[in-house]
Ligand SMILES: Cc1cc2nc3c(=O)[nH]c(=O)nc-3n(C[C@H](O)[C@H](O)[C@H](O)COP(=O)(O)OP(=O)(O)OC[C@H]3O[C@@H](n4cnc5c(N)ncnc54)[C@H](O)[C@@H]3O)c2cc1C
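In my numbering, the protein residues as written are 58 to 578.
And the structure:
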């Protein structure tokens, strides 16, 4: 268990630190300067100088929390409160760079176990203090910024152990605050892997993955995080719920699904039992080129529907391919596909998939593009820091749709963003999570910040979200709803479902303390 009082969290105002920062390739900087009006940003305000309002929590409540957890596990320093005030979207980072922390938690609570989480919920329910579960703090949809006057953050980083491993059934019960790299290390000691590798891998936690229905880069082979969840333990203001107890069950509705994606609004997940797989003996990554995004989509769909399915499958559109090629000297045009294979003996799958890709117009590029992707698979968030440093604005958004709708969703969302940013924007997209019936689309937007980047992005993001809704796609494939997507989510599920969610929340959380303003419309 992590015994330290000050919980480790992601960087302040940037993903990385200045020590592990990644520079933009010169060619990329030159290209950006040519097409965008880059505005050199003012020096970022250091954490120590951020404007953090004083703690206003009732002293009797603070004392009670200190008695319940131990005083050293109730943090009220401006630094701890500022670090737990939001997630890691670009607007979050920009606010931090300006030293703005509008609504920090009044205190950061670091419980040791499930029982202490229950105590916190009881105490806060009685006192009417809102509670925000905090995993790795990597939310990009405003999932950590509730609409309450006062709230406390419940940092789960001390719940960082493996509870049990069942090697025969290939399951592991992991505490919710375990970060992905530590979970991977602990499972590897037993010869297992989870296979869940989102780009936020370095910081995000097991509980956060469950609470947001995360999906990782290897989802084609290992599935989404929610596919891996066998059981959950959830502390609610009403008591403890244990959902899931067998590999499959016909005993009523699957209550795991109620809590997966509940984003801290129905309870605090304290442990998760996941399906694990043997560590792969082999891995192989390779690149392919297609003449167009449409051709690439056709090939990817055939693999997703008829197999064989690689472990990693990602297809960049023409713009993302061209930008990716900047600096590498390659300028083949078309669209690049990366296929990755992990397992005991990957060669037969590699060969069979190659047959499908070639039959659909794919040109093999060999292993180097695949290796290159694998080497840089966690670079994007660091490059976002570099882009912000260079005076550009960079942010991402994502959705999913059925195969029949996917090309139109791609075009309409892209166009909506371009129209909303008339003085120039680069809009890159890729498919990286595939299903028999459809796939995700992930957009990266790079534009000039303008005088008010937050307002500019709010308008562009709203235009993109409207386009997603109008095209019949979902408002989120894996980032979740948070505060940012709430109104689109309400429209997506409809009035009856909104009332149903509210009723469930009212039952489990009668005082309305759990993450108010997040997810539930
Ligand atoms: C650079 C970057 C890259 C990303 N890449 C991916 C990606 O590839 N795939 C992907 O799926 N997502 C990605 N994300 C989004 C984010 O990492 C995921 O949503 C992740 O699952 C959040 O985990 P976390 O532990 O950081 O949760 P947090 O950000 O701390 O919390 C997220 C939400 O879940 C709630 N929550 C957290 N823990 C619990 C708990 N134990 N019980 C109940 N509620 C809880 C919080 O209250 C909040 O509403 C990325 C984010 C960033 C910044």
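All C-beta atoms in this analysis are idealised placements derived from N, C-alpha and C, irrespective of residue type, glycine included.
Let me make sure I understand the geometry here. Which of the options has the alpha-carbon closest to that of residue i?
i           : options               : result
residue 88  : 155, 449, 193 and 205 : 449
residue 593 : 317, 309 and 295      : Outside the modelled stretch of the chain, which goes from 58 to 578, sits residue 593, for which no answer is possible.
residue 474 : 458, 489 and 503      : 503
residue 132 : 98, 146, 102 and 168  : 168
residue 159 : 522, 439 and 107      : 107
residue 492 : 517, 523, 499 and 457 : 457
residue 210 : 217, 163 and 173      : 163
residue 226 : 523, 530, 330 and 76  : 330
residue 523 : 300, 542, 534 and 104 : 542
residue 118 : 109, 183 and 129      : 183
residue 434 : 258, 80, 135 and 139  : 258
residue 510 : 105, 309 and 147      : 147
Is residue i close to ligand 1? I mean its beta-carbon at under 7 angstroms from any heavy atom of the ligand.
i           : result
residue 570 : no
residue 177 : no
residue 265 : yes
residue 260 : yes
residue 438 : yes
residue 171 : no
residue 320 : yes
residue 280 : no
residue 145 : yes
residue 68  : no
residue 575 : yes
residue 232 : no
residue 43  : Only positions 58 to 578 of the chain appear in the structure, and residue 43 is not among them; the question remains open.
residue 362 : no
residue 191 : yes
residue 502 : no
residue 563 : no
residue 226 : no
residue 163 : no
residue 148 : no
residue 268 : yes
What did DSSP end up calling residue i once you bin it into helix, strand or coil?
i           : result
residue 563 : helix
residue 470 : helix
residue 58  : Any reading at residue 58 must be qualified, since the residue scores a pLDDT of 46, below 50, and its modelled position is unreliable; the value itself is stated next. Correct three-state label for residue 58: coil.
residue 534 : coil
residue 258 : coil
residue 332 : strand
residue 77  : coil
residue 509 : coil
residue 374 : coil
residue 306 : coil
residue 499 : strand
residue 546 : helix
residue 576 : coil
residue 429 : helix
residue 395 : strand
residue 520 : helix
residue 406 : helix
residue 130 : helix
residue 570 : coil
residue 285 : helix
Closer than 8 angstroms by C-beta to residue i: which residues in its own chain qualify, once you throw out the five before and the five after it? Chain order, please.
i           : result
residue 394 : 344, 345, 346, 347, 353, 356, 357, 370, 371, 372, 373, 414 and 419
residue 223 : 229
residue 465 : 528
residue 86  : 447
My understanding is that residue i touches residue j, with C-beta atoms under 8 angstroms, so please give their C-beta distance in whole angstroms.
i           : j           : result
residue 537 : residue 200 : 6 angstroms
residue 339 : residue 400 : 6 angstroms
residue 180 : residue 122 : 6 angstroms
residue 153 : residue 69  : 6 angstroms
residue 513 : residue 507 : 5 angstroms
residue 530 : residue 462 : 7 angstroms
residue 323 : residue 562 : 6 angstroms
Apart from the five residues on each side of it in sequence, which residues of its chain come closer than 7 angstroms, Cβ to Cβ, to residue i?
i           : result
residue 204 : 573 and 574
residue 336 : 245, 248, 249 and 250
residue 437 : 256
residue 545 : 522, 526 and 532
residue 559 : 577
residue 102 : 154, 155 and 156
residue 243 : 219
residue 365 : 406, 409 and 410
Run the proximity test for residue i: is its beta-carbon closer than 7 angstroms to any non-hydrogen atom belonging to ligand 2?
i           : result
residue 514 : With respect to ligand 2, the structure shown offers nothing to examine, as its ligands consist of ligand 1.
Skipping 5 residues on each side, what residues in its chain have a beta carbon closer than 6 angstroms to that of residue i?
i           : result
residue 281 : 272
residue 221 : 230
residue 453 : 501
residue 549 : 532
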